[in-house]
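Visitor:
Here it is in structure tokens:
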């Protein structure tokens, strides 16, 4: 009975459930205590917002930083800063966060959806030139599920075509992409501080840019007598200590991911996304991506597989829906086929990052749960 999966009534690998997030942090407790003492928690803005702006600017080596109420708001402001509007087109991957599509469409522009790569789920660079038209205003590039995009290639290609680049680093803040901080390659970069993110303030985001015109447009739109998309002083205060702990936590996550990839090389139900091949690149892992093979797991559906893993206390979920699958065809343009994006819609699964900080114990629990579910997959499917 000990080998029976929890979803069938057996004992869970992690009876305490998935690890929580955010983690208890003494530095954050002290920051909040100082806020309470000074009264800064109740002010529109004080020293912490300014300190956070300076830290982000320094770490990205960019002149302008605007703190926002969310990563989604940051993408909207980035698009507005570039002057995206009615009749324009914005190129993005067909597999991406839904709000990126929604923001483009909300401004009256047309999303142009491009295929993703099979090895790592990132936008397929070879498909981008064919998606460009006279209406192309920008390329919105996201680093997703532990993968990175060749930003040196993207920015040079876009420069030659006279198209702007928005770099969405919401899933890997301050990771290193080809020797630069993620988010610092594009005309404008976007960060998120949402509740489940690697840097979290419950809500929040930021945009970074070196372009004065973008900063000016965004500031003018954002200023309505007061800021329309603010980050609070309390949120800034809890983010500052996390900037200091981020590199150490990234190293722990990277070590765990390397161990997981080694373990999965001997298993068939999950195929880990390939590691980045770009030089001078140190990615991070918010929701680590895998291809799930139902055929190699008793024809258990992806959703049921994730349910069984969660019952074991392992935080595995389906990935995003592919954008062309959830929006009316008249709202976007497509160039070429989207076979891999279709596969992502059906077969991509992700592991939430807190487990990666538990070291070999966490990764071994993941593998133990996977083996249990795979051994009993047919029984689970028939229940």
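In the working numbering, the protein residues as written are 123 to 505. Glycine included, C-beta positions come from ideal geometry on N, C-alpha and C.
Would you mind sorting residue 183 into buried or exposed? The rule is 16 or more other CB atoms within 10 Å of its CB.
Guide: Per the 10 Å Cβ criterion, exposed.
Visitor: Straight-line CA distance for residue 389 to residue 414?
Guide: Taking the straight line joining both Cα atoms gives about 11 Å.
Visitor: Find out if the Cβ-Cβ distance for the pair residue 263, residue 279 is shorter than 9 Å.
Guide: No, the pair does not count as a contact, with Cβ atoms beyond the cut-off.
Visitor: Counting Cβ pairs, one atom from each stretch, are 3 or more of them under 8 Å apart for the segment 189 to 206 and the segment 421 to 441?
Guide: Judged by Cβ distances under 8 Å, the segment 189 to 206 makes no contact with the segment 421 to 441, as fewer than three pairs qualify.
Visitor: DSSP has residue 455 in a bridge; who is on the other side?
Guide: 234, per the DSSP bridge assignment.
Visitor: Just to check my reading of the structure: residue 312 and residue 336 have Cβ atoms closer than 8 Å, yes? What is that Cβ distance to the nearest angstrom?
Guide: Actually they are not in contact, since the Cβ atoms of residue 312 and residue 336 sit about 12 Å apart, beyond 8 Å.
Visitor: Label residue 475 either buried or exposed according to how many other C-beta atoms from any shown protein chain fall within 10 Å of its C-beta, with 16 as the threshold for buried.
Guide: With 16 or more Cβ atoms within 10 Å of its Cβ, residue 475 is classed as buried.
Visitor: Are the beta-carbon atoms of residue 255 and residue 211 separated by less than 9 Å?
Guide: A contact, by the Cβ cut-off of 9 Å.
Visitor: Around the C-beta of residue 505, are 16 or more other C-beta atoms found within 10 angstroms, so that it is buried, or is it exposed?
Guide: Under this definition residue 505 is an exposed residue.
Visitor: Could you pull out every unbroken alpha helix (DSSP H) segment of at least 4 residues lying fully inside the segment 165 to 190, listed in chain order?
Guide: If we require 4 residues or more, the alpha helix (DSSP H) runs fully inside the segment 165 to 190 come out as 169 to 182.
Visitor: Measuring straight from C-alpha to C-alpha, what distance separates residue 345 and residue 265?
Guide: Straight-line Cα distance between these residues: approximately 30 Å.
Visitor: Give the secondary structure of residue 444 by DSSP, where H, G and I count as helix, E and B as strand, and everything else as coil.
Guide: Correct three-state label for residue 444: coil.
Visitor: What three-state label does DSSP hand residue 413 in the structure shown?
Guide: Three-state result, residue 413: strand.
Visitor: In this structure, does DSSP put residue 388 in helix, strand or coil?
Guide: Coil, per DSSP.
Visitor: In chain order, what residues of the same chain have a beta carbon less than 8 Å from the beta carbon of residue 206, not counting five sequence neighbours either side?
Guide: Cβ neighbours of residue 206 beyond the five flanking positions: 212, 226, 229, 231, 259, 260.
Visitor: Measure the beta-carbon distance from residue 307 to residue 299 and round it to whole angstroms, keeping in mind my assumption that it falls under 8 Å.
Guide: Correct: roughly 7 Å between the Cβ atoms.
Visitor: Does the distance from the C-beta atom of residue 406 to that of residue 295 stay below 9 Å?
Guide: Cβ atoms of residue 406 and residue 295: closer than 9 Å.
Visitor: Roughly how many angstroms separate the alpha carbons of residue 149 and residue 367, rounded to a whole number?
Guide: So the alpha carbons of these two residues sit roughly 10 Å apart.
Visitor: Per DSSP, what are the beta-bridge partners of residue 287 in this structure?
Guide: 261, per the DSSP bridge assignment.
Visitor: Going by alpha carbons, who is nearest to residue 181 out of 284, 224, 302, 268?
Guide: The shortest Cα separation from residue 181 among 284, 224, 302, 268 belongs to 302.
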